[in-house]
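Worksheet for the structure shown next.
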Amino acid sequence: MYYSPMRLSVLDLVPVPAGGDSRTAMRNMLELARETEALGYTRYWIAEHHGSPRLGASAPEVLIAAVAAATSTMRVGSGAVLLPYYSPVKVAEVFSTLNALYPGRIDLGLGRGRGASEAHAAALGRAYAEYSDRLIDLLAFLTGGYPEDHPYASVEVHPVCDDLPDTWLLGSTVESASLAAEMGLPFAFALFVRHEDTATALRTYREQFAEDAMTPSPQTIIAVEVTCAATDRLAASLSVESGDEALPASAEQMTGSPKRLGKLLRSLVAETGADEVMISTLIDDHAARLRSYRLLARELL
């Protein structure tokens, strides 16, 4: 049976392999980025986590620059910048700079998750201002959208380019979907965090999408944790072998052969209407991780 190709992308938490170090994790990241670009994956997003010895992505904006330099066509972005930790104007400046360096290739994914222990969050200076207010400020800094009488109206974000980075809102709740719709932004749903509300969240997003949106029409991604191997048994064993309390647990992990996962992912897209599927593969064996992305590409792209 013929199936239309699916849009696939990568979410990388930059796992540090057991017995390895952060430099190994970053070399693995660059190899995975080059490999998935060659395979036809659409975009490569890097998560943000703090204080975890097994995750190497505490500064995604730096890693985005490294991945964009190591590739040439795929989009590269954050999945996500945790906005409560940062000044909106500084985020706008960082991503405007990335967009100037790599035009037409940069995604600014935004989230509100903690991604750190309470102590680490306090050390980072987590702000408890209303998240939606910080989003409004960030978008205004990017677009120059403040009214003339606003205190920040004279603030200019440089460098200035003809285009803007594509801005996405990430979340795992119906409330996040509603906020993305209200803001008129593309929405990525983290199914690996909470799978129960996926279809409801994406339907809510499409129904409530603002008519005067920055984005011409609703755009959706579902992010899933997947391990693919030649057989169902081998995929399950890889997942078990990679079980590690230091790595973040997934609410929903899909494992299996290419045919099994192809069926599951096509069914998920049909159920939710998602435009794109973003794959996170969090296993310790780097060679097996590369093979997982290759097998999925062969089945779905």
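Using the numbering used here, the first residue of the sequence shown is number 0, and each one after it goes up by one. Ideal Cβ positions, reconstructed from N, Cα and C, are used throughout, including at glycine. Computed from a predicted model, the values in this text were never measured in an experiment.
Of the residues assessed, Leu300 falls on the exposed side of the cut-off, its CB having fewer than 16 other CB atoms within 10 angstroms.
For Leu178, the enclosing alpha helix (DSSP H) begins and ends at 173-182. The beta-carbon separation of Ala65 and Leu38, rounded to 19 Å, does not stay under the 8 Å limit for a contact.
In this structure, the CA atom of Leu178 is about 14 Å from the CA atom of Thr199. For the pair Leu201 and Leu82, the Cα-to-Cα distance works out to about 22 Å. A buried status is given to Gly108, since no fewer than 16 other beta-carbon atoms sit within 10 Å of its beta-carbon.
In the displayed model, Ser216 falls within coil according to three-state DSSP, outside both helix and strand.
Under the three-state reduction of DSSP output, Ile278 falls in the strand class. Collapsing the DSSP output to three states places Thr35 in a helix. Arg26 places its beta carbon 8 Å or farther from that of Thr70. Close CB contacts of Asp196 within its chain, under the 6 Å cut and outside five residues either way in sequence, are with Val173 (chain order).
When Cβ pairs closer than 8 Å are counted between the two stretches, the region 224-236 is seen not to touch the region 205-215, the count staying below three.
Gly261 carries a helical assignment under DSSP once its states are collapsed to helix, strand and coil. When C-alpha distances from Leu134 are compared across Trp167, Ala235, Asp148, Ser8, the shortest belongs to Trp167.
Check the Cα spacing between His48 and each of Gly78, Leu31, Thr96, Phe94: the tightest is with Gly78. Uninterrupted alpha helix (DSSP H) stretches at least 4 residues long and entirely within the region 65-110 occur at 87-100, given in chain order.
In the DSSP assignment, Tyr292 falls within the alpha helix (DSSP H) that extends over 285-299. Nearest to Ala222 by C-alpha distance, out of Tyr101, Leu260, Leu169, Leu184, is Leu169. Distance from the Cα of Tyr84 is smallest, within the candidate group Arg6, Thr72, Leu137, for Leu137. The alpha-carbon separation between Ser86 and Gly183 amounts to approximately 22 Å. Burial check for Ala139: the Cβ neighbour count within 10 Å reaches 16 or more, so the residue is buried. Annotation for Ala187: the continuous beta strand (DSSP E) segment containing it runs 186-189.
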